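In this note's numbering, the protein residues as written are 249 to 568.
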Amino acid sequence: MTVVRRPDEEGLRRAAEILRAGSVVAFPTETVYGLGADAFTESAVAEIYRLKQRPSWNPLIVHVADVAAARALADVWPAAADELAARFWPGPLTMVVRRARHLPGIGAANDTVAVRVPAHDVALRLLRECGLPLAAPSANRSESISPTTAEHVRRSLPDVPLILDGGPCAWGIESTVVDLTDPVPVLLRPGALGLRELRDVTGTIGLPSSATADGTARPSPGMSRRHYAPRARAVLVPDVSDLSDLPPDAGVLTHEKAPYQGGAAKLEILSADPREYAADLYAALHRLDDAGVSTILIQSPPGSEEWLAVRDRLSRATAV
Ligand code: TXA
Ligand code: MG
């Protein structure tokens, strides 16, 4: 049975105690809720994989409180990592670097580790209180919609012993993952932090083809084709204004620039601003699922770069 607690002093103390005992705690970050455990204790990490039903090869991001703690996990800490950390940490950027040789690997990450310093007061206080680097994937069943509230976590993972409730996540979409193990940084997962901001610091960034297109390749080990998916069948459509023979129990997800006039059983209209859209996307998919619709017709988002992360998630949510 899950306990949902406010992240006050007592809540944080209890969470740290659970983590130090080798179990798991769900906590808020600025992107999505994470399911945390002591990153380098095998049994604790195994509990994450078990609860999420996550494939064992898919590695986890290690969360730390500051740059010094991140460096301590790295064998090589490239200059680009320093520059990116100075500019974007704490924040929604995950960097993959060569792992310190004394540390065990997580998942199939043979000689690398993914690190990030989250920009959320509760996450940072928890990291300091427990004194451990925390492996933390999004706190949802593998392949389903990521959680942006404590309630989403409770419903997706009812066996997590403790959830710290820090309210809704500000970004609402996962961190951007960049591989820094080669001289030219490579984007592994588009996310909250935009490519333009990244390029301002690193110059050229390698883009796996799937980051820009339909998500059929698998650049980052975790980027399986179907992911972030609602229970309902989700379909991308070029134009919601032109929907003929909509099933009576269908839902529609669109944005302000592409209004929909028809009689969908449940309608979600998100912002036409990509950041605001991303912030509410998972919550909207959860609401559509809660309404019990059989199908969700989703207006295709614009093709520009600011929409890259949203397009990536929608292509996976609608993959069959
Ligand atoms: O915003 C986020 O990043 C959230 C919050 C909780 O911090 N976490 C998150 O974790 O999204 P998860 O496990 O759902 O996604 C981690 C991604 C996966 O695509 C995984 O394959 C990739 O990061 N990853 C982790 N370690 C890696 C490594 N060593 N090399 C390459 N990719 C790695
Ligand atoms: Mg995830």
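Note that the Cβ used here is the ideal one computed from N, Cα and C, for glycine as well.
These numbers were taken from a predicted model, which means no experiment stands behind them.
With a cutoff of 6 Å, E278 does not count as near the ligand TXA, since its C-beta is closer than that to no heavy atom of the ligand.
Less than 7 Å separates the beta-carbon of V432 from that of T452.
By the rule of a C-beta closer than 6 Å to any heavy atom of the ligand MG, the residues picked out are P385, S386, S394. Cβ-Cβ distances below 7 Å link G510 to L491, L494 in the same chain, with the five nearest sequence neighbours on each side left out; the list follows chain order. 7 Å or more divides the Cβ of L405 from the Cβ of V251. DSSP places I309 within a strand segment (E or B) once states are collapsed to three.
Inclusion of R437 in the 6 Å shell around the ligand TXA follows from its C-beta lying nearer than that to a non-hydrogen atom of the ligand. Less than 7 Å separates the beta-carbon of I421 from that of A440. Beta-bridge pairing by DSSP links Q547 to V485. Counting only runs of 3 or more residues that sit fully inside the segment 489–544, the beta strand (DSSP E) segments are 498–503, 514–518, in chain order.
When R319, E504, A498 are compared, the shortest CA-CA separation from S542 is found for A498. V273 has its Cβ no nearer than 6 Å to any heavy atom of the ligand TXA.
Assignment of T450 by DSSP, reduced to helix, strand and coil, places it in the helix class.
Taking E265 as reference, the option from G379, Y530, A557 with the minimal CA-CA separation is G379. For P338, the closest alpha carbon among the candidates A371, P507, N358 is that of A371. Remark: the C-beta of N388 is outside contact range of the ligand TXA, defined as less than 6 Å to any heavy atom.
The Cβ atoms of Y281 and P381 do not sit closer than 7 Å to each other. With fewer than 16 other Cβ atoms inside 10 Å of its own Cβ, G415 counts as exposed.
Distances from the alpha-carbon of R349 to those of A322, A333, S423, A274 put A322 closest. Cβ contact annotation for D427 (same chain, cutoff 6 Å, sequence separation greater than five): V344, V434, L436, in chain order. Contact between A274 and V363 does not hold, since the beta-carbon distance rounds to 20 Å and is not under 8 Å.
In the three-state DSSP reduction, V432 falls in the coil class, being neither helix nor strand. The continuous stretches of beta strand (DSSP E) do not include A565, which lies in the alpha helix (DSSP H) extending over residues 556–565. Considering only V272, T277, T279, the residue with the shortest C-alpha distance to D286 is V272.
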